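>
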Amino acid sequence: MNLIVKNLSKSYKKMKFLEIEILKNIQLRIKSGQKLALTGPSGAGKSTLIHILGLMDKPTIGKVYINGVDCFSKNDKYLCSMRRENIGFMFQFHYLMTDFTVLENILIPVWSIRNIKLEHARNILKKIGLIHRQDHYINELSGGEQQRVALARALINNPKIVFADEPTGNLDTNTGIEIEDLLFESISELKATLIFVTHNEKLAAKADKVIKMLDGKIIEGECDESLY
Ligand SMILES: Nc1ncnc2c1ncn2[C@@H]1O[C@H](COP(=O)(O)OP(=O)(O)O)[C@@H](O)[C@H]1O
Ligand SMILES: [Mg+2]
Numbered sequence: 064m065n066l067i068v069k070n071l072s073k074s075y076k077k078m079k080f081l082e083i084e085i086l087k088n089i090q091l092r093i094k095s096g097q098k099l100a101l102t103g104p105s106g107a108g109k110s111t112l113i114h115i116l117g118l119m120d121k122p123t124i125g126k127v128y129i130n131g132v133d134c135f136s137k138n139d140k141y142l143c144s145m146r147r148e149n150i151g152f153m154f155q156f157h158y159l160m161t162d163f164t165v166l167e168n169i170l171i172p173v174w175s176i177r178n179i180k181l182e183h184a185r186n187i188l189k190k191i192g193l194i195h196r197q198d199h200y201i202n203e204l205s206g207g208e209q210q211r212v213a214l215a216r217a218l219i220n221n222p223k224i225v226f227a228d229e230p231t232g233n234l235d236t237n238t239g240i241e242i243e244d245l246l247f248e249s250i251s252e253l254k255a256t257l258i259f260v261t262h263n264e265k266l267a268a269k270a271d272k273v274i275k276m277l278d279g280k281i282i283e284g285e286c287d288e289s290l291y
């Protein structure tokens, strides 16, 4: 799926008359199947931006078009089904449910049809080398294993766009590389679009396009309009 962002701004109200602008007039185009890396210092607005692109938050001004559909002109029900059917999300902190097993966590995004998806979930676990852990609880896993489960959960709906917010930011280098390789392989297999936040230059270099943010703006790597 392709994604186009036009004149997007996000601000938060602080007290009655004070607004803080977190994202300032962002323009972005991502082609279907592209891998886009988002870099920039802490506080630049990266998480805020990908939460909006992943339809988990709303812009104050501006448009997000996914495959030509102006998403925020639609109601919450539409946004919810768009997320459920097409979008996968990985966070820096895995946000897995500790009272559920590995297999159950992976099935959470498709809970209403979990019986149908069971085999698919097991196949993903086999692929990422965690099938022997399917009935374990999250606290029994290492950080790297937990993040692999988070990857599996992001993939359970065969997403067409995956967002990953510093998915290996909390892991040691080697474990991080394993997860990154798995993420990239899975994305290529699915022919999905990937938008990921990273501080790691080596990882950013694997992307088709790198965009740098500072202070709520894109300061480097804005799209070359002639490409589209
Ligand atoms: N809910 C919120 N209310 C007010 N300010 C926020 C909120 N969420 C994020 N911010 C502010 O927005 C800025 C950008 O945050 P964030 O998107 O998390 O940056 P990054 O992911 O690049 O570190 C920060 O200054 C942060 O304090
Ligand atoms: Mg962040």
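Residues 64 to 291 in our numbering are what the sequence shown lists, from first letter to last. C-beta atoms are modelled at their ideal positions from N, C-alpha and C, and glycine is treated no differently. Values in this document were obtained by computation on a predicted structure and should not be read as measured data.
#1: On the DSSP bridge list, what partners appear for L86?
#2: Quick check: does the Cβ of A227 come within less than 7 angstroms of any heavy atom belonging to ligand 1?
#3: Does the region 113-125 come close enough to the region 184-203 to have 3 or more Cβ pairs within less than 8 angstroms?
#4: Per DSSP, G151 forms a beta bridge with which residues?
#5: Report the CB separation of N65 from S95 in whole angstroms; it is logged as a contact under 8 angstroms.
#6: Does the structure place the region 136-145 close enough to the region 192-208 that three or more beta carbon pairs sit under 8 angstroms?
#7: Assuming contact is defined by CB atoms lying nearer than 8 angstroms, are G151 and P222 in contact in what I supplied?
#8: Can you name the start and end residues of the beta strand (DSSP E) that I274 belongs to?
#9: In chain order, what residues of the same chain lie with their CB nearer than 7 angstroms to the CB of S72, ignoring the 5 residues before and after it?
#10: If we count the other Cβ atoms within 10 Å of its Cβ and call it buried at 16 or more, is L81 buried or exposed?
Put simply:
#1: L86 is bridged by DSSP to K73.
#2: No, since every heavy atom of ligand 1 falls outside the 7 angstroms radius drawn around the Cβ of A227.
#3: Note that the region 113-125 does not touch the region 184-203; fewer than 3 beta-carbon pairs, one per stretch, sit closer than 8 angstroms.
#4: G151 is bridged by DSSP to V225.
#5: About 5 angstroms; that satisfies the 8 angstroms criterion.
#6: Contact between the region 192-208 and the region 136-145 is absent, because fewer than three Cβ pairs lie under 8 angstroms.
#7: Between G151 and P222, the C-beta gap is smaller than 8 angstroms, which places the two residues in contact.
#8: From DSSP, the beta strand (DSSP E) with I274 extends over 272-277.
#9: Counting only Cβ-Cβ distances below 7 angstroms, and skipping sequence neighbours, we find E84, L86, K87, N88, P122, T123, I124, G125.
#10: Looking at its Cβ environment, which holds fewer than 16 other Cβ atoms inside 10 Å, L81 is exposed.
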